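Heads up: the structure comes next, in structure tokens.
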Amino acid sequence: MRKISADIIFPVTSNPIENGVLVLNNNGTIIDVLQGAEADNLEEVEKFSGMLCPGFVNTHCHLELSHLKGKIKQGTSLPVFIEELQQIRKTDEQAIAAAISEAENEMRQNGIVAVADIANGSSSFFQKSKQNIYYHTFLEVFGFNENQCRKIYEKAEALCKQYSLEVNKQVNVTPHAPYSVSLALLQKIVNQNLIFSIHNQESEEENKMFMQGEGLLIEMLKKFGIKTEEWNIPQQHSLPYLLERIKKRSNILLVHNTFTSVNDIEAAMQNKANVYWCFCPNANLYIEKALPDISMFVKHNCKITLGTDSLASNHHLSILEEIKTVKNYFPSISYQEMLKWGTINGAEFLGIQKRAGSLEKGKTPGVLLIDPSFTKVKKIAEAII
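Sequential numbering of the sequence shown, starting at 720, is according to my numbering.
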């Protein structure tokens, strides 16, 4: 049994506790969270300077792109970024595997205990099979033309079956973005009634494409040999277009939301889907040199989560670094609020909130120590999810 104390314990689902004591058994399960007189005069207490909080949940990552760290120019725009990525992503399999292993280790060192990871192939399966971190893998599909729908989906389903045999059952097919999947393919995924993650309004070009049928994204699709001539221009933003066509209650993760408007948020709130909004601020700055108006989402009481995106578009895989960036640009948002985004909200999206996301009796979320200056994180206890 361990008794751990710090200046502040942040359980996440209840108020912060000053000089409290966290009691864990040998398996890392929280037995009790003590405060006041209960926490006084205990023996063999490990005392730390700083704040204790649960392990972080990273709700957007592309582990398989880790070998591209530092290889794509910053600030070029999303269409240019995607083109460069497609040109250089293929390389030696051993180099890819080594980069994946190193990236996972970085996440562990930075207190990340659960990840919603995007995969386009099987290169990350072996590392995930080691069960060092809890992964829910979204096998991402692209397919703008209707006639390719069945073939694309069947290929993705085959990968899902492979993943289930080699890693775990936490896997399903997910669409890349509204601009890169056909309505038929989107509907096929939605009909499974499983949680899914989709890139949303990461670039202003996405809204331009859906409103006017022109712009850099349309040109990019044409460069990839995709026929766009028969596509019916929706003449509305991509998010309302998406939500009108899915009408589902399962958890939906909208990733990036850099160019999401107030009207888009209100459309999402009127939809019956259970929407979570994932921000990856450091990746947004890397690719578009822009950030979503996060304070606008806070005012609308949106369910917010945090992600790192990949090392192709980020210098770190660290939820704390994402929090620091948000704080730098939106100083009025409290650390207490952002810690919820990086823990319990992500756990709820993934359906693991009974084990992770907060410091509560019976949970095994892992325990982190954040230093008083809120610049460093250290793992105090391992998570079991």
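Think of the CB as a built atom: it goes at the ideal place given N, C-alpha and C, for glycine as much as any other residue. These numbers were taken from a predicted model, which means no experiment stands behind them.
- Message: Less than 6 Å between C-beta atoms, sequence neighbours within five positions excluded: which residues of the same chain meet that for residue 720?
- Response: 744
- Where the alpha helix (DSSP H) through residue 1041 begins and ends: 1038-1048
- Item | residue 931, buried or exposed, once every other Cβ within 10 Å from all chains shown has been counted against 16 | exposed
- Message: Using 8 Å for Cβ pairs, my map puts residue 1000 next to residue 1056. What's the rounded Cβ distance?
- Response: Actually they are not in contact, since the Cβ atoms of residue 1000 and residue 1056 sit about 15 Å apart, beyond 8 Å.
- Option in 1104, 1078, 976, 872 with minimal Cα separation from residue 750: 1078
- Under the three-state DSSP convention, the category residue 925 falls into: helix
- Message: Between the segment 805-817 and the segment 863-873, can you find at least three pairs of beta-carbon atoms closer than 8 Å?
- Response: no
- For residue 815, I'd like the list of residues in its chain whose CB is within less than 6 Å of its CB, leaving aside the five on either flank, ordered along the chain. 786, 842
- Which class does residue 726 belong to by DSSP, given the choice of helix, strand or coil? strand
- Can you grab the Cα-Cα spacing for the pair residue 926 / residue 1046, in whole Å? 27 Å
- Message: In whole angstroms, give me the CA-to-CA distance for residue 748 and residue 1082.
- Response: 6 Å
- To which residues of the same chain is residue 1048 closer than 7 Å at the C-beta, ignoring the five residues directly before and after it? 1010
- Task: Please say whether residue 832 and residue 774 have beta carbons closer to each other than 7 Å?
- Result: yes
- Message: In this structure, how does DSSP classify residue 786 when only helix, strand and coil are distinguished?
- Response: helix
- Residue interval of the beta strand (DSSP E) (run including residue 1068): Run containing residue 1068: none in the beta strand (DSSP E); it sits in the alpha helix (DSSP H), 1063-1069.
- Determine the contact status of residue 845 and residue 1006, defining contact as a CB-CB distance below 7 Å. no
- Query: For residue 954 and chain C, any beta-carbon pair shorter than 7 Å?
  - Reply: Any reference to chain C falls outside this structure, which holds one protein chain only.
- Contact the segment 971-986 vs the segment 911-925: 3+ CB pairs below 8 Å: yes
- Message: Whole angstroms are fine: how far does the CA of residue 976 sit from the CA of residue 937?
- Response: 19 Å
- Task: Reducing DSSP to helix, strand and coil, say where residue 837 ends up.
- Result: strand
- Can you grab the Cα-Cα spacing for the pair residue 728 / residue 1032, in whole Å? 33 Å
- Neighbourhood of residue 855 by C-beta distance below 6 Å, restricted to the same chain and skipping five residues each side: 835, 889, 1069
- Unbroken beta strand (DSSP E) run spanning residue 1101, endpoints: 1096-1102
- Pick helix, strand or coil for residue 845, following the three-state DSSP scheme. helix
- Item | Where the beta strand (DSSP E) containing residue 766 begins and where it ends | 764-773
- Item | Completely contained alpha helix (DSSP H) runs for the segment 941-1006, where each covers 4 or more residues | 957-965, 981-989, 1000-1006
- Please state if the CB of residue 778 and the CB of residue 997 are separated by a distance shorter than 7 Å. yes
- Message: Once DSSP output is grouped into helix, strand and coil, what is the label at residue 866?
- Response: helix
- When DSSP labels each residue in this structure, what does residue 854 get in the three-state scheme? strand
- Message: Determine whether the beta carbon atoms of residue 929 and residue 895 lie at a separation below 7 Å.
- Response: no
- Sequence-distant residues of its chain with Cβ nearer than 8 Å to residue 791 (five each side left out): 800, 803, 804, 807, 1031, 1032
- Query: Taking contact to mean at least 3 C-beta pairs separated by less than 8 Å, is the segment 819-833 in contact with the segment 871-883?
  - Reply: no
- If you draw a straight line from the alpha carbon of residue 757 to that of residue 767, how long is it in whole angstroms? 18 Å
- Query: Is DSSP giving residue 757 helix, strand or coil here?
  - Reply: helix
- Message: Can you tell me whether residue 721 is helix, strand or coil according to DSSP?
- Response: strand
- DSSP-derived helix/strand/coil call for residue 738: coil
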